[in-house]
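Report on the structure given below.
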Amino acid sequence: MAYVILGTCEKDDVCATACPDEAISHGTVTVDGVEYDQYYIDATKCNECGTCESMCPSSSILIDLDLTDKEKIYQKVSAAFFAQ
Ligand code: SF4
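First residue of the sequence shown? That's 47 in this note's numbering, and the numbers climb one at a time after it.
See below:
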């Protein structure tokens, strides 16, 4: 499991600063012809502590198990960002 940042991310860097495992990065990536510009969580580094979720000012961070079908695209977007 890992936390995932949704497209409602307002690019406040509070999550990246607070993450104890330096799992959160900002940047752009294009997936299926759509460009995303937000923060992302590296699922291979996230220890599921929940710190980022509790601090996010736009409530844009969820544990992957709670993602709706529509929100699951952000797992794909995050994986694509860290694969580039
Ligand atoms: S849940 Fe914890 S380890 Fe995972 S990205 Fe958020 S702050 Fe970092």
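No residue lacks a Cβ here, since even glycine has one placed at the ideal position from N, Cα and C.
Practice prompt. Determine the extent of the alpha helix (DSSP H) in which SER104 is found, giving its start and end residues.
Written response: Unbroken run through SER104: none, as it is neither H nor E.
Worksheet item: If you check the beta carbons only, do TYR85 and HIS72 fall under 7 Å apart?
Response: Contact flag set, yes.
Discussion item. In whole angstroms, give me the CA-to-CA distance for LYS116 and ALA89.
Written reply: 19 Å
Discussion item. To test your reading of the DSSP string, which unbroken alpha helix (DSSP H) runs of 4 or more residues are found completely within the segment 52-129?
Written reply: 60-64, 97-101 and 119-129
Worksheet entry | Quiz: which residues have CB nearer than 5 Å to the ligand SF4 non-hydrogen atoms | TYR49, CYS65, ASP67, ALA69, ILE87, CYS92, ASN93, CYS95, THR97 and CYS98
Practice prompt. Measure from the alpha carbon of LEU111 to the alpha carbon of each residue in CYS102, GLN121 and ALA129, then state which is nearest.
Written response: That would be GLN121, whose Cα lies nearest to the Cα of LEU111.
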